[in-house]
Amino acid sequence: MLLIQHIGSRNQVAIQFTNYRNYYHDIFYILNEEIILGGIPLYLLVRKWKINSLLAAAALALFFAAGHFAFYRWIFLQRGTLGPTTLTTLFLIGFVRNSLIVSNRHIGYSWALHFGWMVLLFGSRLYRVETNINLTEPERFNMFLGSPEMVSISLILAVVSFIHLTGIDKRIKKINLSE
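Using the numbering used here, read the sequence shown as starting at -12 and increasing by one per residue.
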């Protein structure tokens, strides 16, 4: 939250938290996304089809970033182009999210990460201080996810996730070889 406030203030954007009732929708919306777009595809890729968890996490993360680009470019009502740094962060966070699901075999941590993001940036009012005009969703993505701080943090988390998944893949291979 402090990082979001810092990035917002640097860009002269204020965050106004809204009524807690606005977040009820997010609880189930995000749960649905994590199950349909995270848990089920990763289960099928890694457990059923025996695809390497690193490859599965990276491929689904690429789909995650490309999906955000396509939806904001052509489908959603609030259209706009997500920048290269924003897409990079989306890919990295998608990889981290997928790694959490593969590593823990549940969507809980991924859901919490996603819910925190939604509460801060979509459940709250973000507006330009000078004009009192709300930021559009693509502007929110580009301002916050496209910031150097978010790219750096996402990269660090992705490297840690990569190292962790590499260890998991080695353990899975040992178990499969011994059977």
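Don't be surprised by glycine CBs; every beta carbon is placed ideally from N, CA and C. These numbers were taken from a predicted model, which means no experiment stands behind them.
Of the listed residues the options, nearest to residue i (C-alpha basis)
i, options, result
"leucine 32", "Ala46, Gln3, Tyr59", "Ala46"
"isoleucine 140", "Ile80, Tyr59, Gly54", "Ile80"
"arginine 60", "Tyr30, Leu107, Thr123", "Thr123"
"leucine 77", "Leu(-11), Ile150, Leu144, Gln(-8)", "Leu144"
"leucine -10", "Met137, Gly26, Phe4", "Met137"
"tyrosine 11", "Gly110, Phe58, Leu142, Val146", "Gly110"
"histidine 204", "Tyr7, Gln(-8), Phe4, Gly26", "Any property of residue 204 remains undetermined from this structure, which presents the chain solely from -12 to 166."
"methionine -12", "Arg115, Val116, Met105, Glu117", "Met105"
Distance, residue j Cα to residue i Cα
i, j, result
"leucine 49", "isoleucine 62", "19 Å"
"threonine 72", "glycine 103", "21 Å"
"asparagine 119", "isoleucine 22", "37 Å"
"leucine 41", "phenylalanine 51", "15 Å"
"leucine 74", "valine 83", "14 Å"
"proline 28", "valine 116", "42 Å"
Distance between beta carbons of residue j and residue i, contact taken as under 8 Å
i, j, result
"isoleucine -6", "phenylalanine 131", "6 Å"
"glycine 70", "glycine 133", "5 Å"
So does the region 145 to 155 actually touch the region 94 to 110, counting three or more Cβ pairs closer than 8 Å? Contact between the region 145 to 155 and the region 94 to 110 is absent, with fewer than three C-beta pairs closer than 8 Å.
Scan the region 70 to 128 and note each continuous alpha helix (DSSP H) run of 4 residues or more that stays entirely inside, going in chain order. Whole alpha helix (DSSP H) segments, 4+ residues: 71 to 91, 95 to 108, 124 to 127.
Is the region 86 to 94 touching the region -3 to 8, taking contact as three or more C-beta pairs under 8 Å? They do not touch, by the three-pair rule.
Check whether the region 121 to 138 touches the region 9 to 23, counting contact only when three or more Cβ pairs, one atom from each stretch, lie closer than 8 Å. Output reads no: the region 9 to 23 does not touch the region 121 to 138.
In chain order, which continuous runs of the beta strand (DSSP E) of length 3 or greater are located wholly inside the region -8 to 70? If we require 3 residues or more, the beta strand (DSSP E) runs fully inside the region -8 to 70 come out as 0 to 4.
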